[in-house]
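Engineer:
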Amino acid sequence: MKRIVAREEVCMGCGLCEVYCTVEHSKSKDIVKAYNRESPRPISRV
49 MKRIVAREEV CMGCGLCEVY CTVEHSKSKD IVKAYNRESP RPISRV
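Numbering (this note's numbering), first residue to last: 49 to 94.
1. Within 10 angstroms of its Cβ, does A82 collect 16 or more other Cβ (buried), or is it exposed?
2. Below 8 Å on the Cβ atoms is my contact criterion, and I expect I52 with C65 to pass it. Report the Cβ-Cβ distance as a whole number of Å.
3. Figure out for me which residue from E57, G63 and S87 has the closest Cα to the Cα of S74.
4. Grouping DSSP H, G and I as helix and E and B as strand, with all else coil, what is I79?
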């Protein structure tokens, strides 16, 4: 499994890495479908 490692010195705190992680772990692999239609909502593992 690939891992995302946040580099604190360049992190802006936007949370975009969590969004991409959630989409990647979803069934549909689509950002809109992952947040609006999937139940239970995929979990971010960042």
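Quick reminder that beta carbons are idealized off the backbone N, C-alpha and C, glycines included. Keep in mind that this is a model prediction, so the values were computed, not measured.
Structural biologist: To lay it out plainly:
1. That one is buried.
2. Yes, they are in contact, since the Cβ atoms of I52 and C65 sit about 6 Å apart, within 8 Å.
3. It is S87 whose Cα lies nearest to the Cα of S74.
4. Note: I79 maps to helix in three-state DSSP.
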